[in-house]
C-alpha cells in the first residue's frame with residue numbers, strides 16, 4: 002500500500018509505531034499499543050434501553066451486598082452475565098422542578114407522569130411548560146427541554162456511519178412526548194425505527210451500506226496490522242535476543258488478532274433481510290424484539306455506530322397483551338395499576354421477559370470478537386423505565402440496570418444502593434465515563450452537582 006493510498010487511521014498508527022521505534026531500543030513505547038489489541042480502535046459504546054410501567058420492586062430488587070448479591074426473580078435471566086452487571090437502587094427519577102433548579106420551571110410539572118418522565122429519563126430535563134403544543138389534564142406543554150445523554154456522548158465519541166441509532170419494538174406511532182425518549186437537542190426528539198425491514202434497509206442496503214462500511218473498517222484494521230507486522234519483522238534482526246523474543250511474541254499476538262478479524266468478518270456479512278410483516282401487531286412483538294436486537298447488535302459489532310437506544314413499547318397506556326406469556330384480556334397498563342396476586346404474578350412475568358431481551362442483546366454483542374474480548378466488553382447498556390412503582394407512578398428507587406463492560410472503565414459485578422439520590426447524578430457519571438470530565442450537572446431538575454459516589 003503506497004503512502005498516498007493509506008487511510009488516515011493507517012497513517013496515524015504507522016506514525017505512532019515509528020515514533021516508538023525511534024525512541025527506544027527495548028520496544029517500551031509501543032509494547033502497550035500491541036498488548037492492548039485495540040490497535041484498530043475499539044471505542045466505548047453506549048446503548049440506552051427502555052421498557053414502560055416500572056417494575057414490581059419485591060420481585061426486582063436483588064439481595065445481598067455490593068459484590069456478593071443474588072439476582073431477583075425478575076433479573077434471573079441475567080444470571081449468566083452477573084459479573085457484567087451493575088445494579089443501582091435508590092435513585093430518584095423526578096421531573097418535578099423545585100426552587101433552585103430552574104426558576105422558570107418551578108411549579109406543578111406539565112404532562113402526566115408517564116409523559117414527563119419519558120422525556121426526563123435520559124435528559125434530566127422537564128417538558129416545556131410554556132408551550133401549548135400538547136395538552137393533558139388541563140395543562141399544556143411542549144417537548145422536553147434537554148438533550149438526552151446518548152446524544153451528548155455521541156457528539157463526544159465522534160462520527161461513525163450512523164451518529165446514533167434509535168431502535169424501537171412497537172414504540173407507537175404517535176409523535177408526542179410520551180412516545181419519544183431521545184432528544185438530539187431541546188425540543189428536537191428523535192423517532193425510533195420500529196420496523197425491522199426498514200432498519201435492515203437503512204443499515205445494509207443502498208449506496209455505501211452497512212456491509213460495505215463494515216468491510217472498509219476491517220480493511221483499515223488489517224492494513225494497520227500489516228504495517229505493524231512488517232515493521233516488527235524488519236526490527237527483529239537488529240535487537241538483542243531478549244527484545245527479539247518480545248518482537249516474536251507481538252507478531253504472534255498480531256496473528257491472533259487477524260484470526261479474530263476474520264471471524265468478525267463472517268459475523269458482519271449482510272444478514273438475511275427480514276420479511277415484510279405487520280411490525281405493529283400485538284402478536285408480532287416477540288419476533289420484532291428478536292429481529293431488532295440482532296440488527297442493533299450487528300450495527301454495534303460491525304462498527305457502524307457507537308451510540309444507540311432500544312425502546313420497548315409505547316411509553317404511556319401500553320395496550321400490549323402479553324399473550325405469549327399468559328392468557329389475559331387486560332393490557333400491560335391496566336395490569337400495572339392492580340395489586341392482587343394474579344396481576345402481580347403476571348407483571349413479574351412481563352418484566353422478566355424484558356430482562357430476557359437484555360440477556361439476548363448481551364449474548365448477541367458477546368458474539369462479536371473485539372480486542373481481547375468482545376463488543377459486549379466495550380459496550381455499556383443502561384436499562385430503566387419511566388416510573389419505579391407502576392401502581393402509583395412513584396419514581397423513587399427507579400430500576401436502573403447497567404450491563405456490559407464499558408471498555409474496562411467501569412467495575413461491573415456490583416449492586417450499589419443509594420439514599421434517594423436524583424438520577425441526574427447518574428447522567429453526570431455517564432458523561433464523565435465517556436470522557437466528558439468537565440460535566441458536573443446534567444439537566445434542569447437537580448439542585449446539586451457531581452457524579453454518583455462509588456460509581457467509578
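In our numbering, the protein residues as written are 2 to 457.
For every residue, glycine included, the Cβ atom is placed at its ideal position computed from N, Cα and C.
Element boundaries [beta strand (DSSP E), containing residue i]
| i | result |
| --- | --- |
| residue 195 | From DSSP, residue 195 is part of no beta strand (DSSP E); its letter is neither H nor E. |
| residue 312 | 308-313 |
| residue 183 | 183-186 |
| residue 405 | 401-405 |
| residue 169 | 166-170 |
DSSP three-state assignment for residue i, whether helix, strand or coil
| i | result |
| --- | --- |
| residue 49 | strand |
| residue 92 | strand |
| residue 128 | strand |
| residue 411 | coil |
| residue 382 | strand |
| residue 430 | helix |
| residue 387 | coil |
| residue 137 | strand |
| residue 329 | coil |
| residue 420 | strand |
| residue 392 | coil |
| residue 12 | With a pLDDT of only 42 at residue 12, under 50, the local geometry of the prediction cannot be trusted, and the value read off the model is given with reservation. In the structure shown, residue 12 sits in a helix (DSSP, three-state: H, G or I). |
| residue 75 | coil |
| residue 163 | coil |
| residue 302 | helix |
| residue 29 | Legend: pLDDT at residue 29 = 40, less than 50; position of this residue unreliable, no value from coordinates given. |
| residue 87 | strand |
| residue 452 | coil |
| residue 68 | coil |
| residue 39 | Residue confidence is low: residue 39 scores 37 on pLDDT, short of 50, so the model does not pin down where it sits. Its coordinate-derived value is still stated next. Note: residue 39 maps to coil in three-state DSSP. |
| residue 285 | helix |
| residue 201 | helix |
| residue 370 | strand |
| residue 278 | coil |
| residue 323 | coil |
| residue 82 | helix |
| residue 109 | With a pLDDT of 47 at residue 109, under the threshold of 50, the predicted position of this residue should be treated as unreliable, and no value is reported. |
| residue 441 | coil |
| residue 447 | coil |
Residue i, enclosing alpha helix (DSSP H) - first and last residue
| i | result |
| --- | --- |
| residue 356 | 342-367 |
| residue 335 | 333-337 |
| residue 151 | 150-158 |
| residue 60 | 58-61 |
Cβ-Cβ distance between residue i and residue j below 8 Å
| i | j | result |
| --- | --- | --- |
| residue 405 | residue 68 | no |
| residue 301 | residue 366 | yes |
| residue 47 | residue 435 | yes |
| residue 310 | residue 452 | no |
| residue 411 | residue 383 | no |
| residue 401 | residue 355 | no |
| residue 171 | residue 281 | yes |
| residue 180 | residue 315 | yes |
| residue 126 | residue 349 | no |
| residue 120 | residue 78 | no |
| residue 74 | residue 64 | no |
| residue 283 | residue 321 | yes |
| residue 351 | residue 334 | no |
| residue 431 | residue 88 | no |
| residue 205 | residue 271 | yes |
| residue 394 | residue 114 | yes |
Whole-Å CB distance - residue i paired with residue j, under 8 Å assumed
| i | j | result |
| --- | --- | --- |
| residue 124 | residue 449 | With 8 Å as the limit, residue 124 and residue 449 do not qualify as a contact, their Cβ atoms being about 17 Å apart. |
| residue 45 | residue 368 | Wrong, their Cβ atoms sit about 19 Å apart, outside the cutoff. |
| residue 276 | residue 82 | With a Cβ gap of about 31 Å, residue 276 and residue 82 do not count as contacting. |
| residue 385 | residue 375 | Actually they do not touch by this definition, with Cβ atoms about 24 Å apart. |
| residue 188 | residue 129 | 7 Å |
| residue 362 | residue 347 | Between residue 347 and residue 362 the Cβ distance is about 24 Å, and since that is not below 8 Å, they are no contact. |
Segment contact flag, the region 52-61 with the region 386-393, C-beta cutoff 8 Å, min 3 pairs: yes
Cβ contact (3+ pairs, closer than 8 Å) linking the region 326-345 and the region 181-192: no
Segment contact, 8 Å Cβ cut-off, at least three pairs: the region 343-350 with the region 194-208: In this structure the region 343-350 does not lie against the region 194-208, because fewer than three pairs of beta carbons, one per stretch, are closer than 8 Å.
Touch test, the region 296-311 against the region 163-179, Cβ-Cβ under 8 Å, three pairs minimum: yes
At least 3 beta-carbon pairs within less than 8 Å: the region 291-298 vs the region 141-154: no
Stretch-stretch touch, CB-based, cutoff 8 Å, three pairs: the region 87-96 with the region 416-423: yes
Meets three-Cβ-pair contact criterion under 8 Å: the region 149-161 and the region 425-445: yes
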